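Q: Chains as they are written, first to last, in our numbering: chain U, 1 to 117; chain Y, 1 to 114.
C-beta atoms are modelled at their ideal positions from N, C-alpha and C, and glycine is treated no differently.
Being a predicted model, the structure only gives us computed values, none of them experimental.
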Amino acid sequence: EAGVAQSPRYKIIEKRQSVAFWCNPISGHATLYWYQQILGQGPKLLIQFQNNGVVDDSQLPKDRFSAERLKGVDSTLKIQPAKLEDSAVYLCASSLGDGLGGANVLTFGAGSRLTVL
Amino acid sequence: AQSVTQPDIHITVSEGASLELRCNYSYGATPYLFWYVQSPGQGLQLLLKYFSGDTLVQGIKGFEAEFKRSQSSFNLRKPSVHWSDAAEYFCAVVNTGTASKLTFGTGTRLQVTL
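Laid out in C-alpha cells, this is it:
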C-alpha cells in the first residue's frame, strides 16, 4: 500500500511570499488532516477534511492560511503571505474515517519543511 | 480541554539498556492513547495504541505501553534499546467525545549511546 505523499519536501522563501504544499492521501482514505509542527513542539492540527468538506479548521490562521481538497482526494495547503513564525514542518495525514478507534488510525506523510527568512 | 504532558525533553540511554518514556494526560473520561515515533526527516509512525481492554499494549519494534487510569499515565517501555531506536517519541490523545482530534505532547528526544 502506498503511503501518504507530500511535496515539496523542503521550501525556503522570504517573508511575505506565498507557498503551497500538496498532499496525496492513501487511496480510499476519506479523512485528511494537515498538521503544523514547529521545532521543539508536537504537531498541531490545522485543518481536517472529511471527503471534500471541512470538519475542523478552528486552529487554522485563516487570514493567511487556506486549504482545499478538491474531489475528496488530493489536498493543497497555502500560506500567503508567509511570516517568520510559519517556519515549521507541515505534516499531512489520512485515515479511513473520521472516528479514530479500532483499526482507524492516522497515517502520516514525511512532511514538508518550510523555512521563512 | 485535553492535554498531554511529556516531562522529559531529552533522554540518553546506552544500547541494551531498558527504556521508559513518560506520558501523562489530562482528560475527564478514558481517552484513546497513542505513541508515535519520528525519525529525522521522516513522518510520524504509529508504535502502538490503547482504546480499551487490556491496559498493557504491545506495539511494533518491541515497544509496549501501560495505561494507568489512577495515574493518568501511558508510559512507553522497551526492555533493551537498539541504536536504531534513536528518534523523537510523541504521546498523543484523542478526545473520545469528538473521536477524531488528536492532541500531541511536546515529544521526548531519545539518544542511544553505543
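1) May I ask you to report which of helix, strand or coil DSSP gives Ile60(Y)?
2) Strictly by DSSP, which residues pair up with Tyr32(Y)?
3) For Gln50(U) versus Thr76(U), is the C-beta spacing smaller than 8 Å?
4) Between Ser14(Y) and Arg77(Y), what straight-line distance do the alpha-carbon atoms span, to the nearest angstrom?
5) Would you tell me roughly how many angstroms separate the C-alpha atoms of Arg9(U) and Leu91(U), rounded to the nearest one?
6) In chain order, what residues of the segment 58-70 of chain U put their CB closer than 7 Å to some CB of chain Y?
7) Is Val73(U) close to chain Y? Criterion is C-beta to C-beta, closer than 8 Å.
8) Below 8 Å on the Cβ atoms is my guess for Cys23(U) versus Asp63(U); work out the distance and round it to an integer in Å.
9) Check whether the Cβ atoms of Val93(Y) and Val112(Y) sit closer than 8 Å, and answer yes or no.
10) In the DSSP output, which residue or residues are listed as bridge partners for Cys23(U)?
11) Name the chain U residues that come within less than 9 Å of Lys61(Y), Cβ to Cβ?
12) Under 8 Å, with one C-beta from each stretch per pair, do the segment 36-44 of chain Y and the segment 106-114 of chain U reach the 3-pair mark?
A: The relevant details are as follows:
1) Position 60 of the second sequence, counted from the start, is the residue given in the question as residue 60(Y). Of the three classes helix, strand and coil, the one that applies to Ile60(Y) here is helix, per DSSP.
2) Residue 32(Y) sits at position 32 when you count from the first residue of the second sequence. Per DSSP, Val94(Y).
3) Here residue 50(U) refers to the residue found at position 50 of the first sequence. Here residue 76(U) refers to the residue found at position 76 of the first sequence. Taking 8 Å as the Cβ cut-off, Gln50(U) and Thr76(U) do not qualify as a contacting pair.
4) Residue 14(Y) sits at position 14 when you count from the first residue of the second sequence. Residue 77(Y) sits at position 77 when you count from the first residue of the second sequence. Taking the CA atoms as reference points, Ser14(Y) sits about 15 Å from Arg77(Y).
5) Locating residue 9(U) in the first sequence gives position 9, where the first residue counts as 1. Locating residue 91(U) in the first sequence gives position 91, where the first residue counts as 1. For Arg9(U) and Leu91(U), the distance between alpha carbons rounds to 10 Å.
6) none
7) For the purposes of this step, residue 73(U) is taken as residue 73 along the first sequence, with counting starting at 1. Judged by the 8 Å Cβ criterion, Val73(U) is not in contact with chain Y.
8) For this step, residue 23(U) is matched to residue 23 along the first sequence. For this step, residue 63(U) is matched to residue 63 along the first sequence. Rounded, the Cβ-Cβ distance is 22 Å, inconsistent with contact.
9) The residue given as residue 93(Y) occupies position 93 in the second sequence. The residue given as residue 112(Y) occupies position 112 in the second sequence. Contact: no.
10) In the first sequence, the residue the question calls residue 23(U) occupies position 23. DSSP, once it has assigned bridges, lists Gln6(U), Ser75(U) as partnering Cys23(U).
11) As a first step, residue 61(Y) is located in the second sequence; it is residue number 61 there, counting from the start. Near Lys61(Y) there are no residues of chain U at all, since even the closest Cβ is about 16 Å away, more than 9 Å.
12) Proximity of the segment 36-44 of chain Y to the segment 106-114 of chain U meets the contact definition, three or more beta-carbon pairs being nearer than 8 Å.
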